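Asker: Numbering (my numbering), first residue to last: 387 to 815. Ideal placement from N, C-alpha and C gives every residue a C-beta, glycine not left out. In this text the structure is predicted, and so the values were computed from the model without any measurement.
#1: Out of curiosity, what's the CA-to-CA distance linking residue 515 and residue 622?
#2: Check whether the Cβ atoms of residue 575 and residue 635 lie closer than 7 angstroms to each other.
#3: Less than 6 angstroms between C-beta atoms, sequence neighbours within five positions excluded: which residues of the same chain meet that for residue 730?
#4: If you measure between the beta carbons of residue 568 and residue 523, is that distance less than 7 angstroms?
#5: With residue 625 as the anchor, note down where its alpha helix (DSSP H) starts and where it stops.
#6: When you compare only the Cα positions, how much space is there between residue 372 and residue 543?
#7: Would you identify the three-state DSSP class for residue 452, choosing helix, strand or coil?
#8: Return the bridge partner residues of residue 727 from the DSSP annotation.
#9: What runs of the alpha helix (DSSP H), each 4 residues or longer, lie entirely inside the stretch 541 to 569?
#10: My output table needs one value for residue 794: the three-state DSSP class, helix, strand or coil.
#11: Beta-carbon of residue 711 versus every beta-carbon of chain C: anything under 7 angstroms?
#12: Any idea if residue 794 is buried or exposed, counting beta-carbon neighbours within 10 angstroms, 16 or more meaning buried?
#13: Spell out the partners DSSP gives residue 575 in its beta bridges.
#14: Would you mind giving the Cβ-Cβ distance between residue 779 and residue 744, rounded to the nearest angstrom? I have them listed as a contact below 8 angstroms.
#15: Less than 6 angstroms between C-beta atoms, sequence neighbours within five positions excluded: which residues of the same chain meet that for residue 752?
#16: Over the uninterrupted alpha helix (DSSP H) stretch that includes residue 607, give me the two end residues.
#17: Would you tell me roughly how many angstroms separate the C-alpha atoms of residue 684 and residue 496, rounded to the nearest one?
#18: Using a Cβ-Cβ cutoff of less than 6 angstroms, which residues in the same chain neighbour residue 402 once the five nearest sequence positions on both sides are dropped?
#19: Examine the Cβ distances between the stretch 715 to 727 and the stretch 654 to 673 and report whether three or more of them are shorter than 8 angstroms.
#20: Looking at residue 713 and residue 676, is the spacing between their C-beta atoms short of 7 angstroms?
#21: Alpha carbon to alpha carbon, what distance is there between residue 787 and residue 754?
#22: Whole beta strand (DSSP E) runs in the stretch 674 to 759 with 3 or more residues, listed along the chain?
#23: Since I believe residue 687 is in contact with residue 706 (beta carbons under 8 angstroms), could you give me their beta-carbon distance rounded to a whole number of angstroms?
#24: Alpha carbon to alpha carbon, how far is residue 500 from residue 538? Give it in angstroms, no decimals.
#25: Note down the Cα distance separating residue 595 from residue 808, rounded to an integer number of angstroms.
#26: For residue 619, count neighbouring C-beta atoms within 10 Å of its own C-beta (all shown protein chains included) and say buried if the count is 16 or more, exposed if not.
#27: Measuring alpha carbon to alpha carbon, tell me which residue in 477, 776, 756, 391 is nearest residue 817.
#28: Do the stretch 644 to 656 and the stretch 602 to 620 touch if we need at least three Cβ pairs shorter than 8 angstroms?
#29: Quick check: residue 510 and residue 573, are their CB atoms within less than 7 angstroms of each other?
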């Protein structure tokens, strides 16, 4: 059905059964409404005769629907039952009003998107910055689990929803949007999409981490904070080695912090904060992650300015590690580890006892850099402005501490930059 003005539609389906018609739910139809046309595809649950009534109203008001026409449909044979999810918003694909809400186009249409891997990616291209919320439903899917099937990325010109399917079958993904700068406007339904998972259903232990923010991956928040040129532009980061580096440019005076989280750890060890390490090289920031075991992790990136009291979340990354390797922790860093500091060697935070270890580190503005262990070892400044020297770990110390002096004001006090754990000889044996 075609038309020249905006029109909203709804429909009713009933099956003729004896004297009384039998109502059929809305999942037996796929309604698609655009700015210029309406298409209704019928999916009768059984063979038989059906009455279809179509109702419409002007797209410019919220009044009642008026009857437009009725159809008699003969279905001599039954198609295999598809068990489509209920759609309280009736139409599939982008809503007719999506363009006025700021959505220009979408990667998916009204027909079911098929996946054999158990994962989907929905992309909405936008004409202005929008905020997005998503809802996923399926006949076997609990609402608490459904939240762990979604990871959304909010960028100034696009919205991305990553979906995991823990069961085979059909899903409804509903998307709600609002103006990013006007939370008082409230969310409106921008589209409803039919997903069909035919294989590769995701194990419940491999879903996204709980309590993901709506801001996954680089987006409007990181852009507003002055961060740019991310090495990983999406929300999901996969590693087959168990470690990765995420780099970006920081042109602002920001103090950065990262939090690594995993819901269940098979092996107890050092806290996960020891498996994240920051390197500041001029305006380039590198977050190095070395994971202790396989699984799915959440890496939250936080920042604050010199005038802020608390850190604010900029974005979450989802780290998917398929490696069985267990990487040791990094050194433990302290507040004196500032922008411009680079640790070249040793990168691992666990050192062998009774061994010589080469230290190489760049500490801007430092007048002295020392390693404190059984003895105090002064590092020497090379022509390339790197402090370096060999240090004996010994057997009686459980830690080596890297310290520096000579920051602002010419202070001669030594400040601890980072510490390294020295393995005991019993652990070594």
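Answerer: Short version:
#1: 21 angstroms
#2: No, Cβ-Cβ distance for residue 575 and residue 635 is not below 7 angstroms.
#3: If we look at residue 730 and ignore the five residues flanking it on each side, its Cβ neighbours are 746.
#4: no
#5: Not the alpha helix (DSSP H): residue 625 falls in the beta strand (DSSP E), residues 622 to 625.
#6: Residue numbering for the chain in the displayed model covers 387 to 815; residue 372 lies beyond these limits and cannot be assessed.
#7: strand
#8: Its beta-bridge partners do not exist; DSSP assigns none.
#9: none
#10: With a pLDDT of only 46 at residue 794, under the threshold of 50, the placement of this residue in the model should not be trusted; the figure read from the coordinates follows. Of the three classes helix, strand and coil, the one that applies to residue 794 here is helix, per DSSP.
#11: Here there is only one protein chain, and chain C is not present.
#12: The predicted model places residue 794 with a pLDDT of 46, which falls under 50 and marks its position as unreliable; any figure quoted below should be read in that light. Under this definition residue 794 is an exposed residue.
#13: 562
#14: About 12 angstroms separates the two Cβ atoms, so there is no contact after all.
#15: 790, 792
#16: 606 to 610 is the extent of the alpha helix (DSSP H) around residue 607.
#17: So the two alpha carbons sit approximately 32 angstroms from each other.
#18: 435
#19: yes
#20: yes
#21: 14 angstroms
#22: 681 to 690, 698 to 707, 728 to 731, 742 to 748, 754 to 758
#23: Rounded to the nearest angstrom, the Cβ distance from residue 706 to residue 687 is 17 angstroms, too far for a contact under 8 angstroms.
#24: 20 angstroms
#25: 33 angstroms
#26: exposed
#27: Here the chain comprises residues numbered 387 to 815, so residue 817 is not present and cannot be evaluated.
#28: The stretch 644 to 656 makes no contact with the stretch 602 to 620: fewer than 3 CB pairs, one atom from each, lie closer than 8 angstroms.
#29: no
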